[in-house]
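Input: a single structure, listed below in structure tokens.
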Amino acid sequence: MTKIYNLLLERYGQRHWWPAESPFEVCVGAILTQNTNWGNVEKAIANLKREGLLSPRSLRDIPVEMLAEKIRPAGYYNVKSVRLKGFIDWLFAKYDGSVERMAGAEWRQVREELLKVRGIGAETADSILLYACGQPSFVVDTYTRRLLAGLGLITGREGYEEVRCLFMENLPPDVALFNEFHALIVQHAKEHCRKKPLCPGCPLHFCPANVR
DNA sequence: GCCCAGGTGGGTA
DNA sequence: TACCCACATGGG
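Quick note, the first sequence lines up with residues 175 to 386 if you use our numbering.
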């Protein structure tokens, strides 16, 4: 795992993620980007910002139908408006609407709580924990699976938790490392090997498949 | 026009 | 558990 990380870092450099101006914006983006192109998410977040709606209180008070209209560019807007509402309601119920308080709580506990919120699955929960809360919870996404499958480290049929454990158990629990690693995997997928995991010129081409 | 994108939950066997 | 499906916009 460390070898893969070093090769990606050497090729792409520091990524400084997540692309957001605040921890709360990370939470919103994490929900909006579910199975959706990031460019569309940016449009939706720009709408919220322009209207001054990008705060826990504003999103709590806005009617769900109106919220759906604002986030329309992100796709699945009827589903995601309800999911955002669910997260906001949970945030107020558990942490008084404060991302900072959520970030200050025991993160394994927060993860369990987040997974109970309708519309927040494992990847979204881990994205919020890592990028909004600054906690060492590794994020596994489509790109991550594709990459590991291409290297022969997984078959591709493993469950989320199993793949996540592969990282968690073979890396030190370092927030900066987890943050950068996931960002590098995404960058690698977008810039270089979107469809074929190991195309010519790939920085991982000479990566031994059994590294850990 | 066709394919895909930083998932999730509900239904069915 | 393991599939199958709905959910939707916008860019290449």
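Quick reminder that beta carbons are idealized off the backbone N, C-alpha and C, glycines included.
Own chain partners of residue i with C-beta closer than 6 angstroms, once the 5 adjacent residues on each side are dropped
i      : result
ALA242 : TYR251, ASN252, SER255
TYR317 : ILE359, VAL360, ALA363
Buried/exposed call for residue i, threshold 16 Cβ in 10 Å
i      : result
ALA267 : exposed
ALA306 : buried
ARG386 : Summary for ARG386: the model assigns pLDDT 43, below 50, so the residue's position carries little reliability; its value from the coordinates is reported in the next sentence. The residue is exposed, with fewer than 16 neighbouring Cβ atoms inside 10 Å.
GLN309 : buried
PRO377 : buried
The alpha helix (DSSP H) enclosing residue i, as first and last residue numbers
i      : result
ARG292 : Per DSSP, ARG292 belongs to no alpha helix (DSSP H) and is neither H nor E.
THR163 : Residue 163 lies beyond the residue range present for the chain, which begins at 175 and ends at 386; the question has no answer from this structure.
CYS201 : 197-206
SER301 : 296-301
TRP264 : 251-269
CYS339 : 334-342
PHE355 : 349-365
SER311 : Unbroken run through SER311: none, as it is neither H nor E.
GLU243 : 238-244
Whole-Å CB distance - residue i paired with residue j, under 8 angstroms assumed
i      : j      : result
ILE178 : GLY203 : No, ILE178 and GLY203 are not in contact; Cβ-Cβ is about 25 angstroms, not under 8 angstroms.
LYS420 : LEU227 : This structure gives no information on residue 420, because the portion of the chain shown stretches from 175 to 386.
GLU354 : GLN188 : 7 angstroms
TYR334 : ALA296 : 5 angstroms
Residues near residue i by beta carbon distance below 8 angstroms, same chain, minus five either side
i      : result
PHE389 : Residue 389 is absent from the structure shown; the chain starts at 175 and stops at 386.
Nonlocal neighbours in the same chain, by C-beta distance under 7 angstroms from residue i, ignoring five residues either side
i      : result
PHE261 : CYS201, ILE205, VAL291, ILE294
GLY330 : ARG319, ALA323
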